[in-house]
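*Asks:* Under the UniProt record's numbering, the first residue of the sequence shown carries the number 1, and numbering increases by one thereafter.
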Amino acid sequence: MIKVSESAKKKIAALMSEGGFDNMQDFVRVGVKSGGCSGLSYELNFDKSKAEDDKLFEDNDIKIVVDKRSVLYLAGTVLEFSGGLNGKGFVFNNPNAQRTCGCGESFSL
């Protein structure tokens, strides 16, 4: 469902540790909400609990929870991290997005 690249895994583990989360038992919460310049935008947070209607995925030793409403928008997405001088941070490579904005933080179907 959602894949996590090696670069994203390393950054997630570091950020979770800094924030008091344990990447072996806590979750990365990924979602989609209305907004952004293309109509829909991504949400990315850490969470210690999973709601009853959340879908749980695990890739590259990272546990990801997605709310039921966002699952269809995110099918096949690869979460990557782009660092360095021109890096943008976390990048969602979403095969369902027909159009994305210049910053890559919003999309439309």
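By construction, the Cβ of each residue, glycine as well, lies at the ideal position given by its N, Cα and C atoms.
Going by the DSSP bridge assignment, what does Arg29 pair with across the sheet?
*Replies:* Bridge partners of Arg29: Asn45, Val65.
*Asks:* Who are the Cβ neighbours of Lys50 in its own chain at under 8 Å, not counting the five residues just before and after it?
*Replies:* Cβ neighbours of Lys50 beyond the five flanking positions: Phe27, Leu56, Val65.
*Asks:* Could you give the distance in angstroms between the alpha-carbon of Leu44 and the alpha-carbon of Lys10?
*Replies:* Between Leu44 and Lys10, the C-alpha separation is close to 15 Å.
*Asks:* Pick from Tyr42, Ile62, Ser70: whose alpha carbon is nearest that of Asp54?
*Replies:* The candidate whose alpha carbon is nearest that of Asp54 is Ser70.
*Asks:* If you follow the alpha helix (DSSP H) that Glu6 is part of, which residue opens it and which one closes it?
*Replies:* 6-18 is the span of the alpha helix (DSSP H), which, as asked, contains Glu6.
*Asks:* Thr77 and Phe92: beta carbons closer than 8 Å?
*Replies:* Contact: yes.
*Asks:* When you compare only the Cα positions, how much space is there between Tyr73 and Ser5?
*Replies:* Computed Cα separation, rounded: 19 Å.
*Asks:* Only counting the same chain, and skipping five residues up and downstream in sequence, which positions put a Cβ closer than 8 Å to that of Ser17?
*Replies:* Same-chain partners within the cutoff: Asn23.
*Asks:* Mind reading off the beta-carbon distance from Leu40 to Val32? Whole number of angstroms is fine, and I expect it under 8 Å.
*Replies:* Confirmed, Cβ separation roughly 5 Å.
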